[in-house]
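What follows is a single structure, written as structure tokens, with notes after it.
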Amino acid sequence: MSNSVIEVIEKRKSVRTYESTPLEEVVHTSIMDYLNNEEKLAGPLGGRADIEWIWAKGEGNDKGIKLGAYGIIKNPQAYLVGRIKNDKQSLLEFGYIFQKLILYATSLGLGTCWIGGTFNRNSFAREIKLGADELIPCITPVGYAREKHSVVESTMRFVVKADQRKPWSELFYDSEFKVELTREEAGNLAVPLEMVRLGPSASNKQPWRVVLSPDRKQAHFYLVMTPNYSGNKVGFEMQRIDVGIAACDFELACQELGISGSWVINDPQIEAPQAEYMLSYAIK
Numbered sequence: 001m002s003n004s005v006i007e008v009i010e011k012r013k014s015v016r017t018y019e020s021t022p023l024e025e026v027v028h029t030s031i032m033d034y035l036n037n038e039e040k041l042a043g044p045l046g047g048r049a050d051i052e053w054i055w056a057k058g059e060g061n062d063k064g065i066k067l068g069a070y071g072i073i074k075n076p077q078a079y080l081v082g083r084i085k086n087d088k089q090s091l092l093e094f095g096y097i098f099q100k101l102i103l104y105a106t107s108l109g110l111g112t113c114w115i116g117g118t119f120n121r122n123s124f125a126r127e128i129k130l131g132a133d134e135l136i137p138c139i140t141p142v143g144y145a146r147e148k149h150s151v152v153e154s155t156m157r158f159v160v161k162a163d164q165r166k167p168w169s170e171l172f173y174d175s176e177f178k179v180e181l182t183r184e185e186a187g188n189l190a191v192p193l194e195m196v197r198l199g200p201s202a203s204n205k206q207p208w209r210v211v212l213s214p215d216r217k218q219a220h221f222y223l224v225m226t227p228n229y230s231g232n233k234v235g236f237e238m239q240r241i242d243v244g245i246a247a248c249d250f251e252l253a254c255q256e257l258g259i260s261g262s263w264v265i266n267d268p269q270i271e272a273p274q275a276e277y278m279l280s281y282a283i284k
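The opening residue of the sequence shown carries number 1 in UniProt numbering; numbering runs sequentially from there.
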């Protein structure tokens with residue numbers, strides 16, 4: 001990425017209204033080079049996802065394209081469309097992979113918007129010739145963001161509380177879920193954890209939880225499902241993707257700060273009411 005990834009994470013926001021300006025060829029080429037690099041499409045646990053570029057084909061106009069109940073997308077130049085196998089680990093891996101791509105697109109000056117709700121999956125499935133055992137977990141429109149929000153976009157940001165985030169006390173814990181983690185006690189992991197807190201999630205539910213080990217050598221990531229959340233009833237559990245997003249933001253921030261580590265499965269077997277262990281970042 002050409003920018004500080006921490007700055008990119010802080011800058012990224014969901015964009016639903018775009019300029020009609022065509023994408024610069026160098027930007028399109030950069031994205032395609034990214035998509036053709038298999039290492040870029042690898043997840044934290046060794047899985048992978050396929051992501052395809054689809055031009056909007058002139059369908060974007062000021063009347064907007066309705067993508068289900070989530071909102072209106074106006075003037076997209078293209079879409080990035082993911083495809084994976086329908087299993088729990090693939091959903092987590094996809095969140096990590098797609099977030100890394102979205103941050104790269106942001107660093108190139110593009111606007112994006114995670115969309116995983118009731119957009120017309122059938123039309124996208126036909127476009128990419130989706131296999132019978134595959135699903136499209138999410139897409140993002142791509143284009144240059146219009147500076148002024150439309151009324152619809154402003155309303156959508158209000159509805160999903162786009163500019164609100166849970167406090168540290170609800171997300172991060174010290175050694176066990178009974179002890180809240182403070183920024184001071186987090187030490188050099190405070191910034192990576194803050195990047196997790198700032199990350200996007202379906203309907204801004206922020207279902208991830210992170211528990212730091214007593215020696216601060218491991219960060220354990222958990223999922224707390226939102227009860228009766230409709231996004232988990234669309235043929236797959238959407239909130240698993242959110243933990244992958246959190247893992248991506250955490251790792252990229254660690255790398256920028258010189259904190260080396262790797263992803264492992266190492267359930268600490270601590271009492272975790274209503275929380276499902278997902279993966280851990282082991283610090284070297």
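Quick reminder that beta carbons are idealized off the backbone N, C-alpha and C, glycines included.
Note that the coordinates shown come from a computational prediction; the quantities given were computed from them, not determined experimentally.
(request) Report all residues from its chain with a CB closer than 8 angstroms to the CB of residue 88; omit the five preceding and five following residues, and keep chain order. (result) Correct list, in chain order: 237, 240.
(message) Let me make sure I understand the geometry here. Which of 261, 270, 259 has the alpha-carbon closest to that of residue 214?
(response) Restricting attention to 261, 270, 259, the CA atom closest to the CA of residue 214 is found in 270.
(request) Work out the CA separation of residue 75 and residue 15 for me, nearest whole Å. (result) Rounded to the nearest angstrom, the two C-alpha atoms are 11 angstroms apart.
(request) Tell me where the alpha helix (DSSP H) around residue 171 begins and ends. (result) For residue 171, the uninterrupted alpha helix (DSSP H) segment begins and ends at 168-171.
(message) Using 8 angstroms as the threshold, is the C-beta distance between residue 258 and residue 92 below it?
(response) With respect to residue 92, residue 258 sits apart: the two C-beta atoms are not nearer than 8 angstroms.
(request) For residue 47, name the three-state secondary structure that DSSP assigns. (result) Of the three classes helix, strand and coil, the one that applies to residue 47 here is coil, per DSSP.
(message) residue 103 and residue 12 - do their beta-carbons sit closer together than 8 angstroms?
(response) Their beta carbons are under 8 angstroms apart, which means residue 12 touches residue 103 by this criterion.
(message) Going by beta-carbon coordinates alone, are residue 18 and residue 54 separated by less than 8 angstroms?
(response) No, these two residues do not count as a Cβ contact at 8 angstroms.
(message) Quick check on residue 249: buried or exposed, where buried means 16 or more other Cβ atoms within 10 Å of its Cβ?
(response) Under the 10 Å beta carbon count, residue 249 is surrounded by 16 or more other beta carbons and is classified as buried.
(request) Return the residue from the list 189, 253, 176 that minimises the CA-CA distance to residue 291. (result) Residue 291 lies beyond the residue range present for the chain, which begins at 1 and ends at 284; the question has no answer from this structure.
(message) Rounding to the nearest angstrom, what Cα-Cα distance links residue 123 and residue 281 in this structure?
(response) Pairing residue 123 with residue 281, the inter-Cα distance amounts to about 38 angstroms.
(message) I need the DSSP call for residue 243, collapsed to helix, strand or coil.
(response) Three-state result, residue 243: helix.
(request) With a 10 Å radius around its C-beta and 16 neighbouring C-beta atoms as the bar for buried, classify residue 105 as buried or exposed. (result) So residue 105 counts as buried.
(message) Which residue wins for smallest C-alpha separation from residue 146, given the options 283, 9, 279, 21?
(response) Residue 21 is the option with its Cα nearest to residue 146.
(request) Consult DSSP for residue 99 and reduce its assignment to one of helix, strand or coil. (result) Residue state for residue 99 is assigned as helix, using DSSP reduced to three classes.
(request) With distances taken Cα to Cα, identify the nearest neighbour of residue 109 among 266, 275, 8. (result) Among 266, 275, 8, the Cα nearest to that of residue 109 is on 8.
(message) Does the structure place the stretch 198-213 close enough to the stretch 163-172 that three or more beta carbon pairs sit under 8 angstroms?
(response) Judged by Cβ distances under 8 angstroms, the stretch 163-172 makes contact with the stretch 198-213, as three or more pairs qualify.
(request) Give me the Cα-Cα distance between residue 135 and residue 86, rounded to the nearest whole angstrom. (result) Here the alpha carbons of residue 86 and residue 135 stand approximately 6 angstroms from one another.
(message) To the nearest angstrom, how far is the alpha carbon of residue 201 from that of residue 166?
(response) Straight-line measurement puts the Cα of residue 166 at about 12 angstroms from the Cα of residue 201.
(message) Here's the rule I'm using: 16 or more other beta-carbon atoms within 10 Å means buried, otherwise exposed. How should residue 247 be labelled?
(response) Its Cβ being crowded by 16 or more others within 10 Å, residue 247 is buried.
(request) Could you have a look at residue 117 and say whether DSSP puts it in helix, strand or coil? (result) Under the three-state reduction of DSSP, residue 117 is assigned to coil, being neither helix nor strand.
(request) Just mark residue 194 as buried or exposed, buried being the case when its beta carbon has 16 or more other beta carbons within 10 Å. (result) Buried, by the Cβ-count rule.
(request) Have a look at residue 227 and residue 242 and give me their C-alpha separation to the nearest angstrom. (result) When only Cα atoms are considered, residue 227 and residue 242 end up about 15 angstroms apart.
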